[in-house]
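Undergrad: Protein chains in written order, with my numbering: chain H, 19 to 174; chain S, 19 to 174.
For every residue, glycine included, the Cβ atom is placed at its ideal position computed from N, Cα and C.
Being a predicted model, the structure only gives us computed values, none of them experimental.
Number of protein chains: 2
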Amino acid sequence: MRCARYSCGVENEVGHEIADALGILLRRTTRTQLHRQLTEGMGEGVDEQTYPVLSALARTGPRSAADLAPDVGIDRSGVTRRASRLEAAGLIRREADPTDRRAHLLVLTDQGRLAVAELRTRLAAHITTSLSTWPPGEAETFAHHLRRFTTQGPFA
Amino acid sequence: MRCARYSCGVENEVGHEIADALGILLRRTTRTQLHRQLTEGMGEGVDEQTYPVLSALARTGPRSAADLAPDVGIDRSGVTRRASRLEAAGLIRREADPTDRRAHLLVLTDQGRLAVAELRTRLAAHITTSLSTWPPGEAETFAHHLRRFTTQGPFA
DNA sequence: AGCAGACGCGTGCGTTGCGCACGCTATTCT
DNA sequence: AGAATAGCGTGCGCAACGCACGCGTCTGCT
Numbered sequence: 019m020r021c022a023r024y025s026c027g028v029e030n031e032v033g034h035e036i037a038d039a040l041g042i043l044l045r046r047t048t049r050t051q052l053h054r055q056l057t058e059g060m061g062e063g064v065d066e067q068t069y070p071v072l073s074a075l076a077r078t079g080p081r082s083a084a085d086l087a088p089d090v091g092i093d094r095s096g097v098t099r100r101a102s103r104l105e106a107a108g109l110i111r112r113e114a115d116p117t118d119r120r121a122h123l124l125v126l127t128d129q130g131r132l133a134v135a136e137l138r139t140r141l142a143a144h145i146t147t148s149l150s151t152w153p154p155g156e157a158e159t160f161a162h163h164l165r166r167f168t169t170q171g172p173f174a
Numbered sequence: 019m020r021c022a023r024y025s026c027g028v029e030n031e032v033g034h035e036i037a038d039a040l041g042i043l044l045r046r047t048t049r050t051q052l053h054r055q056l057t058e059g060m061g062e063g064v065d066e067q068t069y070p071v072l073s074a075l076a077r078t079g080p081r082s083a084a085d086l087a088p089d090v091g092i093d094r095s096g097v098t099r100r101a102s103r104l105e106a107a108g109l110i111r112r113e114a115d116p117t118d119r120r121a122h123l124l125v126l127t128d129q130g131r132l133a134v135a136e137l138r139t140r141l142a143a144h145i146t147t148s149l150s151t152w153p154p155g156e157a158e159t160f161a162h163h164l165r166r167f168t169t170q171g172p173f174a
């Protein structure tokens, strides 16, 4: 176990370090406390289970439940149920697919768009306040690295 | 929406960017596919639900179930049940607290320690391979930033 | 010292959510 | 046109969680 920082290129040490940090992040994420704090006061329909549906819809636009399922990681029926809850909360609505009359497209309502924006804003506020002590510029590089990691990394 | 990179200090743009990336990470995490892939072939007791317990024990040493509950984010009874599963799988064992005869300390067995190490190794391998295309040094910087973020950030 | 209240763990009950399998409707291919 | 296929929603069984309770243990007060 030699010194890892600034070693030649990429070594396993870096992977372990990131793995540890991600493990912490996973744990902090798994505990739904932050999600609850973020979703507090929102509509009754949005929680840590329905949020991925909203987020995916906001990212990729209207899609069908079956199409959404692999992104959310659950069964199609689960997406259907979550969508029903979100529909009851008025955050999304089912729209008939014009090209296929048996398909239902899930599309965010204005309220749903506001909800996603609000959630993102709250999360950004949390992050921004805690990043205010970082040296100038490092937050930006971290943000770029994080984005690159999520888009081309093992979580892509 | 002015240009955010290398702006003065920290602006909301950075928070939003990180929030988006974390949103993706949350979604990718919520979908248990990666976890399943990582825990495939491990003992039957370890899954995406029991992993946080193992991880927390590996990080902080033997603790009681009630003490562990807030870190895992579930009820004490839930920790008790997860611990029972892990105990049945031989990954942890309940040990009588020497200072309090009603308390049971959850302590990793050698097998449990190996399981945590194996999980961390698999995760590190995933990360390392995908980071091999990064410019030299950036992975280390990202690792340090990520660690700092998880230790002093809003997820601390 | 003795007793009452508090604390900690484990367990039954009710609830919730998921996966699988099925039925129904619409589409497509021969 | 008819048969096979695809897509959505729903019933059933299962797993897991939260809440509340009981039992054993500790602690503080008289």
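Between S:Asp93 and chain H, is there a C-beta pair that is closer than 8 Å?
TA: Residue 93 of chain S sits at position 75 when you count from the first residue of the second sequence. No, S:Asp93 lies away from the interface with chain H (no Cβ there is under 8 Å from its Cβ).
Undergrad: Give me, in chain order, the residues of the same chain whose beta-carbon lies closer than 6 Å to that of H:His122; leave out the 5 immediate sequence neighbours on both sides.
TA: What you label residue 122 of chain H is simply residue 104 of the first sequence in a count that begins at 1. Correct list, in chain order: Arg112.
Undergrad: How far does the beta strand (DSSP E) with S:Leu109 in it reach, from first residue to last?
TA: Looking up residue 109 of chain S in the second sequence gives position 91. Note, S:Leu109: premise wrong, no beta strand (DSSP E); not H, not E.
Undergrad: Report back the beta-carbon spacing between H:Gly195 and S:Thr146 to the nearest angstrom; my notes put them in contact at under 8 Å.
TA: Because chain H in this structure spans residues 19 to 174, residue 195 of chain H falls outside the shown range and cannot be described.
Undergrad: Restricting to runs no shorter than 3 residues, where is the beta strand (DSSP E) found entirely within the stretch 58-144 of chain H?
TA: 110-114, 122-126
Undergrad: Residues in the stretch 102-120 of chain H with C-beta within 7 Å of chain S's C-beta atoms, listed in sequence order?
TA: none
Undergrad: Are there three or more Cβ pairs, one per stretch, closer than 8 Å when the stretch 157-171 of chain H is compared with the stretch 152-167 of chain S?
TA: Judged by pairs of C-beta atoms under 8 Å, the stretch 157-171 of chain H touches the stretch 152-167 of chain S, as three or more such pairs exist.
Undergrad: Closest to H:Asp3 by CA distance: which of H:Ser73, H:Ser95, H:Ser82, H:Ala39 is it?
TA: An answer regarding residue 3 of chain H cannot be provided, because it is not within the stretch 19 to 174 covered by chain H.
Undergrad: What are the residues of the stretch 32-46 of chain S that lie near chain H, defined by any Cβ-Cβ distance shorter than 8 Å?
TA: Val32, Gly33, His34, Glu35, Ile36, Ala37, Asp38, Ala39, Leu40, Gly41, Ile42, Leu43, Leu44, Arg45, Arg46
Undergrad: Measure from the alpha carbon of H:Ala114 to the alpha carbon of each residue in H:Leu124, H:Gly108, H:Ala106, then state which is nearest.
TA: Locating residue 114 of chain H in the first sequence gives position 96, counting from the first residue. Ranking the options by Cα distance to H:Ala114, first place goes to H:Leu124.
Undergrad: Determine the closest residue to S:Leu44 out of H:Ala106, H:Thr68, H:Thr151, H:Asp93, with distance taken between C-alpha atoms.
TA: Along the second sequence, read from residue 1 onward, the residue named residue 44 of chain S stands at position 26. Of the listed residues, the one whose Cα sits closest to S:Leu44 is H:Thr68.
Undergrad: Can you tell me whether H:Asp38 is buried or exposed, with buried defined as 16 or more other CB within 10 angstroms of its CB?
TA: Residue numbering aside, residue 38 of chain H sits at position 20 when the first sequence is read from its first letter. Flag for H:Asp38 reads buried.
Undergrad: Can you pull the chain H neighbours of S:Arg99, defined as C-beta to C-beta under 9 Å?
TA: In the second sequence, residue 99 of chain S corresponds to position 81, counting from 1. Correct list: empty, because the minimum Cβ distance to chain H is about 16 Å.
Undergrad: Report the rounded CA-to-CA distance for H:Val134 versus H:Glu58, giving the unit in angstroms.
TA: Taking the first sequence and counting its residues from 1, the one referred to as residue 134 of chain H is at position 116. Taking the first sequence and counting its residues from 1, the one referred to as residue 58 of chain H is at position 40. Going by the C-alpha atoms only, they are around 13 Å apart.
Undergrad: Under 8 Å between the Cβ atoms of S:Val97 and S:Val71?
TA: Working through the second sequence from its first residue, we reach residue 97 of chain S at position 79. Working through the second sequence from its first residue, we reach residue 71 of chain S at position 53. Yes, Cβ-Cβ distance for S:Val97 and S:Val71 is below 8 Å.
Undergrad: Could you tell me the distance, in whole angstroms, from the CA atom of H:Val90 to the CA atom of H:Arg138?
TA: Residue 90 of chain H sits at position 72 when you count from the first residue of the first sequence. Residue 138 of chain H sits at position 120 when you count from the first residue of the first sequence. Near 18 Å, if we compare the C-alpha coordinates of H:Arg138 and H:Val90.
Undergrad: Assuming contact is defined by CB atoms lying nearer than 8 Å, are H:Ser148 and S:Pro172 in contact in what I supplied?
TA: For this step, residue 148 of chain H is matched to residue 130 along the first sequence. For this step, residue 172 of chain S is matched to residue 154 along the second sequence. Yes, the pair counts as a contact, with Cβ atoms nearer than the cut-off.
Undergrad: Sort S:Ala106, S:Thr78, S:Gln55 by Cα distance to H:Ile42 and report the nearest one.
TA: Your numbering for residue 42 of chain H matches position 24 in the first sequence. Ranking S:Ala106, S:Thr78, S:Gln55 by Cα distance to H:Ile42 puts S:Thr78 first.
Undergrad: Is H:Leu141 closer than 8 Å to H:Leu126 when the C-beta atoms are compared?
TA: Here residue 126 of chain H refers to the residue found at position 108 when the first sequence is read from its first residue. Here residue 141 of chain H refers to the residue found at position 123 when the first sequence is read from its first residue. Against a cut-off of 8 Å, the Cβ pair of H:Leu141 and H:Leu126 comes out as no contact.
Undergrad: For the stretch 120-139 of chain S, enumerate the residues whose C-beta is nearer than 7 Å to any C-beta of chain H, in chain order.
TA: Arg138
Undergrad: Work out the CA separation of H:Ser73 and H:Ile92 for me, nearest whole Å.
TA: Position 74 of the first sequence, counted from the start, is the residue given in the question as residue 92 of chain H. Position 55 of the first sequence, counted from the start, is the residue given in the question as residue 73 of chain H. Approximately 15 Å, taken between the alpha carbons.
Undergrad: Out of curiosity, what's the CA-to-CA distance linking H:Glu156 and S:Ala106?
TA: On the first sequence, position 138 is the one that residue 156 of chain H refers to. On the second sequence, position 88 is the one that residue 106 of chain S refers to. In a straight line, the C-alpha of H:Glu156 is about 46 Å away from that of S:Ala106.
Undergrad: In terms of residue numbering, what span does the alpha helix (DSSP H) encompassing H:Thr159 cover?
TA: Working through the first sequence from its first residue, we reach residue 159 of chain H at position 141. That run of the alpha helix (DSSP H) goes 156-170.
Undergrad: Measuring only the C-alpha atoms, how far is S:Arg99 from H:Met60?
TA: The count along the second sequence starts at 1 and reaches residue 99 of chain S at position 81. The count along the first sequence starts at 1 and reaches residue 60 of chain H at position 42. Going from the Cα of S:Arg99 to the Cα of H:Met60 covers about 31 Å.
Undergrad: Hey, out of S:Arg46, S:Pro80, S:Leu40, whose CA is closest to H:Ala87's CA?
TA: As a first step, residue 87 of chain H is located in the first sequence; it is residue number 69 there, counting from the start. Ranking S:Arg46, S:Pro80, S:Leu40 by Cα distance to H:Ala87 puts S:Arg46 first.
Undergrad: Are the C-beta atoms of S:Asp89 and some chain H residue less than 8 Å apart?
TA: For the purposes of this step, residue 89 of chain S is taken as the residue at position 71 of the second sequence. Answer yes: the Cβ-Cβ gap between S:Asp89 and chain H drops below 8 Å somewhere.
Undergrad: So S:Gly63 contacts chain H; which residues on that side make the cut at Cβ distance below 8 Å?
TA: As a working mapping, residue 63 of chain S is identified with position 45 in the second sequence. By Cβ distance, chain H contributes nothing, its closest Cβ being about 17 Å from S:Gly63, past 8 Å.
Undergrad: My output table needs one value for S:Ser148: the three-state DSSP class, helix, strand or coil.
TA: To locate residue 148 of chain S, count along the second sequence from 1; it is residue 130. Here S:Ser148 sits in helix by DSSP.
Undergrad: Starting from S:Gly79, find everything on chain H with Cβ-Cβ shorter than 7 Å and list it in chain order.
TA: Counting from 1 along the second sequence, the entry for residue 79 of chain S is found at position 61. What S:Gly79 touches in chain H: nothing, since even the nearest Cβ is about 16 Å away.
Undergrad: Within 8 Å of any Cβ in chain S, is that where the Cβ of H:Ala83 sits?
TA: On the first sequence, residue 83 of chain H is found 65 positions in, with the first residue counted as 1. No, H:Ala83 lies away from the interface with chain S (no Cβ there is under 8 Å from its Cβ).
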